[in-house]
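A.B. asks: Numbering (the working numbering), first residue to last: 10 to 74.
C-beta atoms are modelled at their ideal positions from N, C-alpha and C, and glycine is treated no differently.
The structure's right below; bear with me while I get my questions together.
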């Protein structure tokens, strides 16, 4: 009797990127974030982007937008 082989499929890995367009018309900033951060920021949101060098720290969304 032949045994059945099973392919082990590893979970997919996703890379979440967000692009920020500064209001002073500077270059667009691309950051890589985790899924939770990605889902918490809506497209078109305005606020304050906190970075440490090139590392994303957080995004504080304006309450008015």
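Along the chain, which unbroken stretches of the beta strand (DSSP E) at least 3 residues long are found entirely within the region 17 to 56?
C.D. replies: Secondary structure within the region 17 to 56: the beta strand (DSSP E) runs of 3 or more consecutive residues, fully enclosed, are 25 to 29 and 38 to 42 (chain order).
A.B. asks: Measure the C-alpha to C-alpha separation of residue 31 and residue 62 and round it to an integer number of angstroms.
C.D. replies: Here the alpha carbon of residue 31 sits roughly 16 Å from the alpha carbon of residue 62.
A.B. asks: Do you know how far the Cα of residue 57 is from the Cα of residue 70?
C.D. replies: 6 Å
A.B. asks: Strictly by DSSP, which residues pair up with residue 69?
C.D. replies: 57
A.B. asks: Say yes only if the C-beta of residue 45 is nearer than 8 Å to one or more non-hydrogen atoms of the ligand ADP, and no if none qualify.
C.D. replies: The ligand ADP is not part of this structure, which contains no ligands at all.
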